[in-house]
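A short worksheet on the structure shown next.
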Amino acid sequence: MRYLFLTILVLISSYAIGQQVDTTQTSGEIISGKVVIEKDKKIRLPKGDKIFLRGELKSLENQSIRVSFQAQEPTFEWPDYKSDVPFKSTETSYPLEQVQNFVKLGYGNYNSPLFKAGLYQSFGELETRARLGYESFASGPIGEENSGNVNAGFGFSASYNSNNLTIRPSFSYDNFKYHFYGNNNRVNTGFNPENAEEVSWRDWQFSIDLSGGQEGVSYKIRPFYNSTSQILVDAADLNNESIGGVSGSLKVKIDDSFSAELGIDGKSGSYDGGITYDRNLLNVNPSITYQSEELSLSAGLVISSGETNEATETSLYPDINLTYELSDRWSVYGLVSGGMEWNGLSTLLNQNEFLDDSLAISFTENTIKLGGGLKGAILENMLLETSVIHRSTNGLPFFVSSTDSSRFILTYDAKKVSVLTFASKLSYMPTNNSSYGLNLELNGYSLESLDRPWHMPAYEIEAFTSHNINEKLILSAFLNTKGGIRGPANVDFGYVSLPAFIDVGLGMKYLITPQASAFIDVNNLLNNEYERYLGYPTRGLAFKIGGQYRF
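Numbering (mature numbering (1 follows the signal peptide of the UniProt record, and there is no 0)), first residue to last: -18 to -1, 1 to 533.
See the structure below:
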(Lines of atoms letter the chains of each structure in order from A and count residues from 1; the text may use other names and numbers.)
(Lines give C-alpha, C1' and ligand atoms only; values in the text may rest on other atoms or scores of the structure.)
Protein backbone atom coordinates (compact mmCIF):
# COMPACT_ATOMS: atom_id res chain seq x y z
CA MET A 1 0.00 0.00 0.00
CA ARG A 2 2.92 2.35 0.57
CA TYR A 3 3.84 2.00 -3.11
CA LEU A 4 0.24 2.88 -3.98
CA PHE A 5 0.55 6.16 -2.02
CA LEU A 6 3.75 7.04 -3.87
CA THR A 7 2.22 6.19 -7.27
CA ILE A 8 -0.79 8.47 -6.63
CA LEU A 9 1.50 11.30 -5.48
CA VAL A 10 3.72 10.99 -8.58
CA LEU A 11 0.74 10.96 -10.96
CA ILE A 12 -0.94 14.02 -9.45
CA SER A 13 2.36 15.90 -9.08
CA SER A 14 3.18 15.22 -12.74
CA TYR A 15 -0.17 16.63 -13.78
CA ALA A 16 0.24 19.71 -11.54
CA ILE A 17 3.73 20.61 -12.72
CA GLY A 18 2.81 20.12 -16.36
CA GLN A 19 -0.01 22.68 -16.33
CA GLN A 20 0.21 26.37 -17.17
CA VAL A 21 -2.28 27.78 -14.74
CA ASP A 22 -3.53 31.04 -13.37
CA THR A 23 -3.74 30.86 -9.59
CA THR A 24 -5.00 34.38 -9.07
CA GLN A 25 -8.24 33.15 -7.49
CA THR A 26 -7.29 29.63 -6.42
CA SER A 27 -6.26 30.42 -2.89
CA GLY A 28 -6.79 33.06 -0.28
CA GLU A 29 -7.29 33.80 3.39
CA ILE A 30 -10.31 34.89 5.37
CA ILE A 31 -9.63 38.46 6.46
CA SER A 32 -12.83 39.10 8.37
CA GLY A 33 -15.36 36.96 10.16
CA LYS A 34 -18.17 39.48 9.70
CA VAL A 35 -21.11 38.51 7.50
CA VAL A 36 -22.66 41.40 5.55
CA ILE A 37 -26.28 40.94 4.51
CA GLU A 38 -27.48 43.27 1.77
CA LYS A 39 -31.08 43.92 0.95
CA ASP A 40 -32.62 41.79 -1.83
CA LYS A 41 -29.44 39.72 -2.17
CA LYS A 42 -29.00 36.10 -1.16
CA ILE A 43 -26.37 35.22 1.38
CA ARG A 44 -24.02 32.34 0.64
CA LEU A 45 -23.37 30.27 3.74
CA PRO A 46 -20.80 27.45 4.08
CA LYS A 47 -21.69 23.93 3.04
CA GLY A 48 -23.55 22.09 5.75
CA ASP A 49 -21.14 19.22 5.99
CA LYS A 50 -18.34 21.50 7.09
CA ILE A 51 -19.76 22.57 10.46
CA PHE A 52 -20.54 20.86 13.73
CA LEU A 53 -18.78 17.63 12.85
CA ARG A 54 -17.17 16.47 16.03
CA GLY A 55 -13.41 17.06 16.05
CA GLU A 56 -10.67 16.32 18.51
CA LEU A 57 -11.43 16.73 22.18
CA LYS A 58 -8.71 19.07 23.43
CA SER A 59 -7.44 18.57 26.92
CA LEU A 60 -8.00 21.48 29.28
CA GLU A 61 -5.17 20.51 31.57
CA ASN A 62 -3.24 23.60 32.57
CA GLN A 63 -4.89 25.70 29.89
CA SER A 64 -8.06 27.60 29.25
CA ILE A 65 -10.25 27.70 26.22
CA ARG A 66 -8.82 29.89 23.49
CA VAL A 67 -11.16 32.47 22.05
CA SER A 68 -10.52 34.85 19.15
CA PHE A 69 -12.48 38.01 18.42
CA GLN A 70 -12.67 40.59 15.65
CA ALA A 71 -12.42 44.15 16.93
CA GLN A 72 -11.45 46.64 14.22
CA GLU A 73 -8.28 44.74 13.34
CA PRO A 74 -7.82 41.03 12.52
CA THR A 75 -6.37 38.75 15.18
CA PHE A 76 -2.99 37.29 14.31
CA GLU A 77 -3.17 33.51 14.27
CA TRP A 78 -1.10 30.72 12.72
CA PRO A 79 -3.84 28.82 10.86
CA ASP A 80 -1.60 27.49 8.07
CA TYR A 81 1.72 27.16 9.83
CA LYS A 82 1.35 25.73 13.32
CA SER A 83 1.73 22.06 14.12
CA ASP A 84 -0.92 19.96 15.82
CA VAL A 85 0.70 20.72 19.18
CA PRO A 86 -0.90 23.82 20.75
CA PHE A 87 0.78 26.29 23.05
CA LYS A 88 -0.69 25.38 26.43
CA SER A 89 -0.99 28.99 27.45
CA THR A 90 -3.02 30.60 30.21
CA GLU A 91 -3.64 33.74 28.19
CA THR A 92 -6.93 34.54 26.50
CA SER A 93 -6.73 35.26 22.79
CA TYR A 94 -8.41 38.54 21.90
CA PRO A 95 -6.98 41.08 19.39
CA LEU A 96 -3.50 41.37 20.85
CA GLU A 97 -1.42 39.85 18.08
CA GLN A 98 -3.04 41.86 15.31
CA VAL A 99 -0.16 42.03 12.90
CA GLN A 100 2.39 39.61 11.57
CA ASN A 101 5.47 41.29 13.06
CA PHE A 102 5.40 41.40 16.85
CA VAL A 103 7.23 40.62 20.07
CA LYS A 104 5.22 39.75 23.17
CA LEU A 105 6.46 39.38 26.77
CA GLY A 106 4.56 38.50 29.92
CA TYR A 107 4.88 37.16 33.45
CA GLY A 108 2.37 35.69 35.89
CA ASN A 109 1.83 33.70 39.05
CA TYR A 110 3.10 30.13 39.31
CA ASN A 111 6.39 31.73 38.20
CA SER A 112 5.29 31.73 34.55
CA PRO A 113 7.26 33.78 32.00
CA LEU A 114 5.89 34.15 28.46
CA PHE A 115 7.64 35.02 25.20
CA LYS A 116 6.16 35.04 21.71
CA ALA A 117 7.34 36.54 18.46
CA GLY A 118 6.26 36.60 14.85
CA LEU A 119 8.04 37.76 11.72
CA TYR A 120 6.69 38.33 8.20
CA GLN A 121 8.69 39.31 5.13
CA SER A 122 7.65 39.71 1.51
CA PHE A 123 10.02 39.50 -1.46
CA GLY A 124 7.86 40.04 -4.52
CA GLU A 125 6.09 36.74 -5.23
CA LEU A 126 7.69 35.14 -2.16
CA GLU A 127 6.26 35.54 1.36
CA THR A 128 7.87 34.12 4.50
CA ARG A 129 6.60 33.73 8.06
CA ALA A 130 8.28 32.58 11.26
CA ARG A 131 7.04 32.06 14.82
CA LEU A 132 8.78 31.50 18.13
CA GLY A 133 7.21 30.86 21.52
CA TYR A 134 8.11 29.93 25.09
CA GLU A 135 6.08 29.65 28.29
CA SER A 136 6.89 27.85 31.52
CA PHE A 137 5.31 27.24 34.93
CA ALA A 138 7.71 26.47 37.75
CA SER A 139 4.91 24.98 39.83
CA GLY A 140 1.65 23.30 39.04
CA PRO A 141 -1.86 22.76 40.38
CA ILE A 142 -0.77 20.74 43.42
CA GLY A 143 1.81 23.37 44.39
CA GLU A 144 4.87 21.26 43.73
CA GLU A 145 7.80 21.99 41.45
CA ASN A 146 7.48 18.54 39.91
CA SER A 147 4.09 19.46 38.49
CA GLY A 148 5.32 22.48 36.53
CA ASN A 149 5.77 22.46 32.78
CA VAL A 150 7.55 24.13 29.88
CA ASN A 151 6.12 24.71 26.41
CA ALA A 152 8.38 25.90 23.60
CA GLY A 153 8.27 25.79 19.83
CA PHE A 154 9.09 27.45 16.55
CA GLY A 155 7.89 27.30 12.98
CA PHE A 156 8.71 28.58 9.52
CA SER A 157 6.75 28.74 6.28
CA ALA A 158 6.98 30.30 2.84
CA SER A 159 4.54 30.94 0.03
CA TYR A 160 5.46 31.39 -3.62
CA ASN A 161 2.91 32.29 -6.29
CA SER A 162 3.64 32.16 -10.01
CA ASN A 163 1.51 31.94 -13.11
CA ASN A 164 1.36 28.18 -12.95
CA LEU A 165 1.70 27.10 -9.34
CA THR A 166 1.33 28.06 -5.68
CA ILE A 167 3.84 26.39 -3.36
CA ARG A 168 3.70 26.58 0.45
CA PRO A 169 6.37 24.62 2.35
CA SER A 170 6.20 24.70 6.15
CA PHE A 171 8.12 23.27 9.09
CA SER A 172 7.32 23.31 12.81
CA TYR A 173 8.73 21.91 16.03
CA ASP A 174 7.11 21.95 19.47
CA ASN A 175 8.34 20.53 22.78
CA PHE A 176 6.09 20.29 25.82
CA LYS A 177 7.76 19.18 29.08
CA TYR A 178 5.49 18.18 31.96
CA HIS A 179 5.09 15.59 34.73
CA PHE A 180 2.90 12.63 35.57
CA TYR A 181 1.83 14.48 38.71
CA GLY A 182 -1.60 12.89 39.17
CA ASN A 183 -2.66 11.77 42.64
CA ASN A 184 -5.16 9.12 41.68
CA ASN A 185 -5.91 7.76 45.15
CA ARG A 186 -9.56 7.18 44.25
CA VAL A 187 -8.54 4.33 41.95
CA ASN A 188 -6.03 2.86 44.43
CA THR A 189 -2.97 3.04 42.20
CA GLY A 190 -0.57 3.66 45.07
CA PHE A 191 1.06 6.41 43.02
CA ASN A 192 3.16 8.96 44.92
CA PRO A 193 3.02 12.43 43.29
CA GLU A 194 6.24 13.46 45.06
CA ASN A 195 8.06 11.09 42.72
CA ALA A 196 6.38 12.40 39.58
CA GLU A 197 8.28 11.55 36.42
CA GLU A 198 9.20 14.28 33.93
CA VAL A 199 8.00 13.77 30.37
CA SER A 200 8.98 15.41 27.09
CA TRP A 201 6.42 15.40 24.29
CA ARG A 202 8.10 16.40 21.02
CA ASP A 203 6.28 16.95 17.76
CA TRP A 204 7.69 18.13 14.46
CA GLN A 205 6.12 18.30 11.04
CA PHE A 206 7.11 19.16 7.49
CA SER A 207 4.68 19.64 4.60
CA ILE A 208 4.40 21.19 1.14
CA ASP A 209 1.10 22.52 -0.19
CA LEU A 210 0.76 22.83 -3.96
CA SER A 211 -2.30 24.20 -5.74
CA GLY A 212 -3.31 25.61 -9.09
CA GLY A 213 -5.79 25.39 -11.93
CA GLN A 214 -6.86 26.49 -15.40
CA GLU A 215 -9.90 26.35 -17.69
CA GLY A 216 -12.23 24.72 -15.19
CA VAL A 217 -9.62 22.35 -13.74
CA SER A 218 -8.10 22.85 -10.28
CA TYR A 219 -5.96 20.72 -8.00
CA LYS A 220 -4.47 20.62 -4.51
CA ILE A 221 -1.67 18.35 -3.26
CA ARG A 222 -0.15 18.13 0.22
CA PRO A 223 2.61 15.62 1.00
CA PHE A 224 3.70 15.66 4.66
CA TYR A 225 5.80 13.93 7.30
CA ASN A 226 5.16 14.02 11.05
CA SER A 227 7.16 12.61 13.97
CA THR A 228 5.80 12.47 17.53
CA SER A 229 7.71 11.24 20.60
CA GLN A 230 6.73 10.95 24.25
CA ILE A 231 9.87 10.41 26.31
CA LEU A 232 10.57 9.99 30.02
CA VAL A 233 13.36 12.47 30.71
CA ASP A 234 16.56 10.68 31.78
CA ALA A 235 14.81 7.35 31.17
CA ALA A 236 13.30 5.28 28.39
CA ASP A 237 11.01 6.30 25.55
CA LEU A 238 7.30 5.84 26.16
CA ASN A 239 5.73 6.27 22.73
CA ASN A 240 7.07 7.06 19.26
CA GLU A 241 5.20 7.40 15.99
CA SER A 242 6.21 8.58 12.53
CA ILE A 243 3.65 9.23 9.80
CA GLY A 244 4.07 10.07 6.14
CA GLY A 245 1.38 10.66 3.61
CA VAL A 246 -0.26 12.72 0.91
CA SER A 247 -3.68 14.28 0.48
CA GLY A 248 -5.09 16.09 -2.50
CA SER A 249 -7.96 16.67 -4.87
CA LEU A 250 -8.58 17.14 -8.58
CA LYS A 251 -11.72 19.10 -9.56
CA VAL A 252 -13.15 19.47 -13.07
CA LYS A 253 -15.96 21.86 -13.99
CA ILE A 254 -18.30 20.07 -16.42
CA ASP A 255 -20.67 23.00 -17.08
CA ASP A 256 -22.30 25.85 -15.16
CA SER A 257 -24.23 23.40 -12.96
CA PHE A 258 -22.10 20.27 -12.64
CA SER A 259 -18.56 19.52 -11.48
CA ALA A 260 -16.65 16.33 -10.71
CA GLU A 261 -14.02 15.86 -8.01
CA LEU A 262 -11.61 13.14 -6.95
CA GLY A 263 -10.13 13.37 -3.45
CA ILE A 264 -7.42 11.20 -1.91
CA ASP A 265 -5.99 10.96 1.60
CA GLY A 266 -3.25 8.41 2.25
CA LYS A 267 -1.21 7.86 5.42
CA SER A 268 1.44 5.33 6.39
CA GLY A 269 2.73 5.17 9.96
CA SER A 270 4.89 3.17 12.34
CA TYR A 271 4.36 2.99 16.13
CA ASP A 272 6.92 1.88 18.72
CA GLY A 273 6.17 1.98 22.45
CA GLY A 274 6.45 -1.32 24.27
CA ILE A 275 4.74 -2.87 21.26
CA THR A 276 5.49 -2.24 17.59
CA TYR A 277 3.19 -2.17 14.57
CA ASP A 278 2.73 -0.49 11.19
CA ARG A 279 -0.47 1.03 9.84
CA ASN A 280 -1.65 2.27 6.44
CA LEU A 281 -4.88 4.03 5.52
CA LEU A 282 -6.11 5.17 2.11
CA ASN A 283 -9.36 7.06 1.48
CA VAL A 284 -10.45 7.71 -2.12
CA ASN A 285 -13.47 9.98 -2.60
CA PRO A 286 -14.97 10.47 -6.10
CA SER A 287 -18.05 12.73 -6.27
CA ILE A 288 -20.33 14.73 -8.57
CA THR A 289 -21.74 18.11 -7.49
CA TYR A 290 -24.81 19.93 -8.79
CA GLN A 291 -25.08 23.66 -8.03
CA SER A 292 -28.02 26.01 -8.63
CA GLU A 293 -29.23 29.23 -7.04
CA GLU A 294 -31.06 27.45 -4.21
CA LEU A 295 -29.67 23.91 -4.21
CA SER A 296 -26.23 22.35 -3.80
CA LEU A 297 -26.12 18.55 -4.00
CA SER A 298 -22.98 16.42 -3.89
CA ALA A 299 -23.12 12.64 -4.28
CA GLY A 300 -20.23 10.22 -4.22
CA LEU A 301 -18.47 7.35 -2.48
CA VAL A 302 -15.70 6.96 0.07
CA ILE A 303 -13.48 3.95 -0.55
CA SER A 304 -11.50 3.25 2.64
CA SER A 305 -8.73 0.68 2.91
CA GLY A 306 -7.02 0.25 6.28
CA GLU A 307 -4.09 -2.05 7.05
CA THR A 308 -2.51 -2.93 10.42
CA ASN A 309 0.37 -5.42 10.44
CA GLU A 310 -0.67 -6.82 7.05
CA ALA A 311 -4.33 -7.31 8.07
CA THR A 312 -6.31 -5.29 5.51
CA GLU A 313 -9.94 -4.16 5.52
CA THR A 314 -11.55 -2.35 2.58
CA SER A 315 -15.09 -0.91 2.64
CA LEU A 316 -17.37 1.41 0.66
CA TYR A 317 -19.37 4.24 2.24
CA PRO A 318 -21.87 6.79 0.90
CA ASP A 319 -20.95 10.47 0.69
CA ILE A 320 -24.00 12.68 0.12
CA ASN A 321 -24.24 16.35 1.10
CA LEU A 322 -27.16 18.68 0.44
CA THR A 323 -27.71 22.37 1.11
CA TYR A 324 -30.98 24.14 0.24
CA GLU A 325 -31.68 27.85 0.65
CA LEU A 326 -35.13 28.36 2.14
CA SER A 327 -34.97 32.14 1.83
CA ASP A 328 -32.52 34.98 1.48
CA ARG A 329 -31.39 34.40 5.08
CA TRP A 330 -32.00 30.75 5.91
CA SER A 331 -30.82 27.41 4.59
CA VAL A 332 -31.01 23.77 5.65
CA TYR A 333 -28.50 21.01 5.05
CA GLY A 334 -28.19 17.26 5.40
CA LEU A 335 -25.50 14.61 5.05
CA VAL A 336 -25.08 10.86 4.78
CA SER A 337 -21.47 9.72 4.92
CA GLY A 338 -18.95 7.31 6.41
CA GLY A 339 -15.35 6.18 6.22
CA MET A 340 -12.25 5.37 8.26
CA GLU A 341 -10.42 8.06 10.24
CA TRP A 342 -6.77 8.02 11.28
CA ASN A 343 -6.05 8.16 15.01
CA GLY A 344 -2.43 9.02 15.67
CA LEU A 345 -0.23 9.53 18.72
CA SER A 346 -0.25 13.30 18.22
CA THR A 347 -4.06 13.33 18.06
CA LEU A 348 -4.36 11.30 21.26
CA LEU A 349 -1.80 13.38 23.17
CA ASN A 350 -3.71 16.52 22.24
CA GLN A 351 -6.72 14.96 23.94
CA ASN A 352 -4.85 13.57 26.96
CA GLU A 353 -1.08 14.01 27.39
CA PHE A 354 -0.88 11.68 30.42
CA LEU A 355 -0.67 8.48 28.35
CA ASP A 356 1.12 5.26 29.26
CA ASP A 357 3.09 3.20 26.74
CA SER A 358 1.96 0.11 24.79
CA LEU A 359 -0.98 1.92 23.20
CA ALA A 360 -3.21 -0.09 20.88
CA ILE A 361 -4.09 2.70 18.45
CA SER A 362 -6.90 1.82 16.07
CA PHE A 363 -8.65 3.46 13.13
CA THR A 364 -12.08 4.90 13.88
CA GLU A 365 -14.61 3.62 11.36
CA ASN A 366 -17.78 5.64 10.89
CA THR A 367 -19.99 2.92 9.44
CA ILE A 368 -22.70 5.52 8.91
CA LYS A 369 -23.02 9.21 9.73
CA LEU A 370 -26.42 10.90 9.41
CA GLY A 371 -27.20 14.50 10.16
CA GLY A 372 -28.73 17.78 9.26
CA GLY A 373 -29.19 21.30 10.47
CA LEU A 374 -30.35 24.84 10.00
CA LYS A 375 -28.33 28.01 9.61
CA GLY A 376 -29.02 31.63 8.88
CA ALA A 377 -29.51 35.14 10.21
CA ILE A 378 -32.05 35.79 12.97
CA LEU A 379 -31.27 39.49 12.68
CA GLU A 380 -28.99 41.37 10.33
CA ASN A 381 -26.16 41.06 12.85
CA MET A 382 -27.16 37.82 14.63
CA LEU A 383 -26.31 34.41 13.14
CA LEU A 384 -27.52 30.97 14.26
CA GLU A 385 -26.18 27.53 13.30
CA THR A 386 -27.63 24.33 14.72
CA SER A 387 -27.28 20.65 13.84
CA VAL A 388 -27.98 17.07 14.92
CA ILE A 389 -25.47 14.36 13.93
CA HIS A 390 -25.74 10.60 14.57
CA ARG A 391 -22.69 8.35 14.15
CA SER A 392 -22.34 4.60 14.32
CA THR A 393 -18.64 3.89 14.90
CA ASN A 394 -16.09 1.16 15.47
CA GLY A 395 -12.75 1.83 17.15
CA LEU A 396 -13.69 5.01 19.03
CA PRO A 397 -11.00 5.44 21.73
CA PHE A 398 -11.76 6.14 25.39
CA PHE A 399 -9.29 6.81 28.25
CA VAL A 400 -9.05 4.70 31.42
CA SER A 401 -6.50 4.81 34.25
CA SER A 402 -3.64 2.34 34.15
CA THR A 403 -3.74 -0.16 37.01
CA ASP A 404 -0.23 0.59 38.30
CA SER A 405 0.14 4.36 37.81
CA SER A 406 -1.77 7.58 37.28
CA ARG A 407 -1.23 7.32 33.53
CA PHE A 408 -3.96 6.50 31.03
CA ILE A 409 -4.37 3.76 28.45
CA LEU A 410 -6.81 3.33 25.58
CA THR A 411 -9.90 1.16 25.64
CA TYR A 412 -12.55 0.40 23.04
CA ASP A 413 -16.06 -0.96 23.03
CA ALA A 414 -16.18 -4.52 21.71
CA LYS A 415 -19.01 -3.59 19.33
CA LYS A 416 -20.34 -0.48 17.62
CA VAL A 417 -20.72 2.77 19.56
CA SER A 418 -23.56 5.10 18.64
CA VAL A 419 -22.98 8.81 19.25
CA LEU A 420 -25.73 11.43 19.00
CA THR A 421 -24.53 15.05 19.00
CA PHE A 422 -26.64 18.19 19.14
CA ALA A 423 -24.71 21.40 18.55
CA SER A 424 -25.72 25.03 18.31
CA LYS A 425 -23.78 28.23 17.76
CA LEU A 426 -25.10 31.76 18.19
CA SER A 427 -23.09 34.88 17.35
CA TYR A 428 -24.16 38.50 17.75
CA MET A 429 -22.27 41.61 16.68
CA PRO A 430 -24.41 44.68 17.45
CA THR A 431 -21.63 47.09 16.44
CA ASN A 432 -18.18 46.87 14.91
CA ASN A 433 -16.77 47.29 18.42
CA SER A 434 -18.75 44.60 20.28
CA SER A 435 -19.29 40.88 19.80
CA TYR A 436 -20.99 38.05 21.70
CA GLY A 437 -20.94 34.30 21.16
CA LEU A 438 -22.49 31.16 22.61
CA ASN A 439 -21.59 27.56 21.68
CA LEU A 440 -23.44 24.49 22.98
CA GLU A 441 -22.76 20.79 22.41
CA LEU A 442 -24.63 17.82 23.88
CA ASN A 443 -23.41 14.25 23.42
CA GLY A 444 -25.15 10.94 24.07
CA TYR A 445 -23.43 7.54 23.81
CA SER A 446 -24.93 4.08 23.33
CA LEU A 447 -22.39 1.41 24.38
CA GLU A 448 -22.27 -2.38 24.32
CA SER A 449 -19.36 -3.68 26.44
CA LEU A 450 -18.14 -0.50 28.18
CA ASP A 451 -19.96 0.74 31.27
CA ARG A 452 -19.52 4.43 30.48
CA PRO A 453 -17.99 6.66 27.75
CA TRP A 454 -14.90 7.14 29.91
CA HIS A 455 -13.70 10.76 30.19
CA MET A 456 -15.99 12.04 27.44
CA PRO A 457 -18.15 15.05 28.45
CA ALA A 458 -21.93 14.85 28.13
CA TYR A 459 -22.14 18.61 27.52
CA GLU A 460 -19.90 21.55 26.71
CA ILE A 461 -20.88 25.23 26.83
CA GLU A 462 -18.76 28.21 25.80
CA ALA A 463 -19.74 31.87 26.05
CA PHE A 464 -17.56 34.83 25.17
CA THR A 465 -17.69 38.54 24.50
CA SER A 466 -15.34 41.31 23.39
CA HIS A 467 -15.73 45.09 23.55
CA ASN A 468 -13.61 47.83 22.05
CA ILE A 469 -14.37 50.53 24.63
CA ASN A 470 -12.50 53.25 22.77
CA GLU A 471 -9.53 53.51 20.49
CA LYS A 472 -7.20 52.38 23.27
CA LEU A 473 -9.01 49.91 25.55
CA ILE A 474 -10.32 46.43 24.64
CA LEU A 475 -12.05 44.20 27.21
CA SER A 476 -12.94 40.53 26.77
CA ALA A 477 -14.40 37.69 28.82
CA PHE A 478 -15.14 34.01 28.36
CA LEU A 479 -16.87 31.18 30.20
CA ASN A 480 -16.34 27.48 29.59
CA THR A 481 -18.11 24.62 31.32
CA LYS A 482 -18.12 20.84 30.85
CA GLY A 483 -19.94 18.12 32.73
CA GLY A 484 -21.12 14.54 32.74
CA ILE A 485 -17.53 13.21 32.78
CA ARG A 486 -16.88 9.83 34.42
CA GLY A 487 -13.71 7.86 35.10
CA PRO A 488 -13.44 4.19 36.10
CA ALA A 489 -12.52 3.33 39.70
CA ASN A 490 -10.38 0.21 39.71
CA VAL A 491 -10.92 -0.31 43.44
CA ASP A 492 -14.45 -1.72 43.17
CA PHE A 493 -14.90 -1.71 39.40
CA GLY A 494 -17.28 1.22 39.73
CA TYR A 495 -16.82 4.74 38.48
CA VAL A 496 -16.10 8.25 39.72
CA SER A 497 -18.24 11.16 38.52
CA LEU A 498 -16.01 14.18 38.02
CA PRO A 499 -17.74 17.38 39.16
CA ALA A 500 -18.87 19.73 36.42
CA PHE A 501 -16.57 22.72 36.19
CA ILE A 502 -16.81 26.34 35.16
CA ASP A 503 -13.75 28.24 33.95
CA VAL A 504 -14.15 32.02 33.71
CA GLY A 505 -11.53 34.33 32.22
CA LEU A 506 -11.11 38.08 31.74
CA GLY A 507 -8.74 40.02 29.53
CA MET A 508 -7.78 43.65 29.03
CA LYS A 509 -5.58 45.29 26.41
CA TYR A 510 -4.51 48.93 26.42
CA LEU A 511 -2.90 50.61 23.41
CA ILE A 512 -0.08 52.82 24.65
CA THR A 513 1.01 53.80 21.14
CA PRO A 514 -0.02 52.47 17.70
CA GLN A 515 2.83 49.95 18.04
CA ALA A 516 2.99 49.23 21.78
CA SER A 517 0.30 47.77 24.04
CA ALA A 518 -0.06 46.34 27.54
CA PHE A 519 -2.28 43.45 28.57
CA ILE A 520 -3.67 41.70 31.64
CA ASP A 521 -5.18 38.20 31.41
CA VAL A 522 -6.93 36.38 34.26
CA ASN A 523 -8.00 32.75 33.87
CA ASN A 524 -9.95 30.42 36.15
CA LEU A 525 -11.34 33.42 37.99
CA LEU A 526 -13.39 31.16 40.31
CA ASN A 527 -10.17 29.42 41.44
CA ASN A 528 -11.55 25.94 40.71
CA GLU A 529 -8.90 23.22 40.69
CA TYR A 530 -11.18 21.05 38.59
CA GLU A 531 -10.28 17.71 37.01
CA ARG A 532 -10.67 17.20 33.28
CA TYR A 533 -9.06 13.77 33.71
CA LEU A 534 -9.31 11.72 36.88
CA GLY A 535 -6.52 12.49 39.35
CA TYR A 536 -5.17 15.55 37.50
CA PRO A 537 -6.41 18.84 39.00
CA THR A 538 -5.83 21.99 36.97
CA ARG A 539 -4.32 25.18 38.30
CA GLY A 540 -6.38 27.62 40.29
CA LEU A 541 -6.64 31.31 39.49
CA ALA A 542 -3.90 32.29 37.04
CA PHE A 543 -3.00 35.74 35.77
CA LYS A 544 -0.45 37.20 33.40
CA ILE A 545 0.71 40.79 32.85
CA GLY A 546 2.81 41.92 29.94
CA GLY A 547 3.19 43.91 26.78
CA GLN A 548 3.50 43.61 23.05
CA TYR A 549 5.33 45.61 20.42
CA ARG A 550 4.38 45.58 16.74
CA PHE A 551 6.81 46.55 14.04
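Even for Gly, the Cβ is constructed at its ideal location relative to N, Cα and C. These numbers were taken from a predicted model, which means no experiment stands behind them.
Boundaries of the alpha helix (DSSP H) around Q333: 327 to 333. By the Cβ rule, the segment 156 to 164 counts as touching the segment 174 to 194, because three or more pairs are nearer than 8 Å. Beta-bridge partners assigned by DSSP to N421: K407, E444. For the pair D238 and Q273, the Cα-to-Cα distance works out to about 8 Å. In its chain, beyond the 5 residues on either side, F(-14), F206, G248, K249, S250 have a beta carbon closer than 7 Å to the beta carbon of G227.
The segment 267 to 281 makes no contact with the segment 344 to 360; the number of CB pairs closer than 8 Å stays below 3. Of the candidates R532, F380, Y531, N510, the residue whose Cα lies closest to the Cα of G522 is N510. Inclusion of L516 and L480 in the CB contact set at 8 Å is warranted, their separation being smaller than that value. Comparing alpha-carbon positions, the option among N133, N334, T294, F381 lying closest to W436 turns out to be F381. Taking C-beta atoms under 8 Å as the contact rule, L457 and M490 qualify, at a distance of about 6 Å. Here S129 carries a helix assignment [DSSP, helix/strand/coil].
Of the candidates F84, R514, H449, R514 places its Cα closest to the Cα of G469. In this structure, G255 is the residue among S383, G255, G288, T385 with its C-alpha nearest to the C-alpha of A342. Here H372 has L352, L402 as same chain residues with Cβ atoms under 6 Å from its own Cβ, once five neighbours each way along the sequence are excluded.
Sorting Y531, L279, A359, S416 by C-alpha distance to the C-alpha of D310 places A359 at the top. Taken through DSSP and simplified to helix, strand or coil, V215 comes out as coil. Spatial neighbours of L508 in its own chain (CB-CB distance under 7 Å, excluding positions within 5 residues in sequence) are listed in chain order as I484, V486.
If you draw a straight line from the Cα of I246 to the Cα of F240, it is about 20 Å long.
Distance from the CA of S229 to the CA of L493, rounded to the nearest whole angstrom, comes to 43 Å.
Just so you know, the alpha carbons of N145 and I225 end up roughly 32 Å apart.
G125 counts as exposed, since fewer than 16 other beta carbons sit within 10 angstroms of its beta carbon.
Judged by DSSP in its simplified three-state form, H161 adopts strand. For E307, the enclosing beta strand (DSSP E) covers residues 293 to 307. Among the bridge pairs identified by DSSP, D485 is matched with N462. Between D395 and S431, the C-beta spacing is below 8 Å.
Beta-bridge partners assigned by DSSP to I203: L192, G230. Beta-bridge pairing by DSSP links D310 to no other residue. S278 is a Cβ neighbour of T305, given a cutoff of 8 Å.
DSSP, read as helix, strand or coil, puts N265 in strand. Spanning the alpha carbons of I203 and I149 requires a straight line of approximately 10 Å. Ranked by how close their Cα comes to the Cα of Q82, the residues L96, N91, R111, P95 have R111 in first place. Cβ neighbours of S400 within its own chain (closer than 6 Å, five residues either side excluded): S374, S428.
For S344, the CB contacts under 6 Å within the same chain, skipping 5 residues up- and downstream, are G377 in chain order. Nearest C-alpha to Q196 among V234, D433, S387: V234. If you draw a straight line from the Cα of A482 to the Cα of N262, it is about 39 Å long. A residue is called buried when at least 16 other Cβ atoms come within 10 angstroms of its Cβ; Q103 does not meet this threshold and is exposed.
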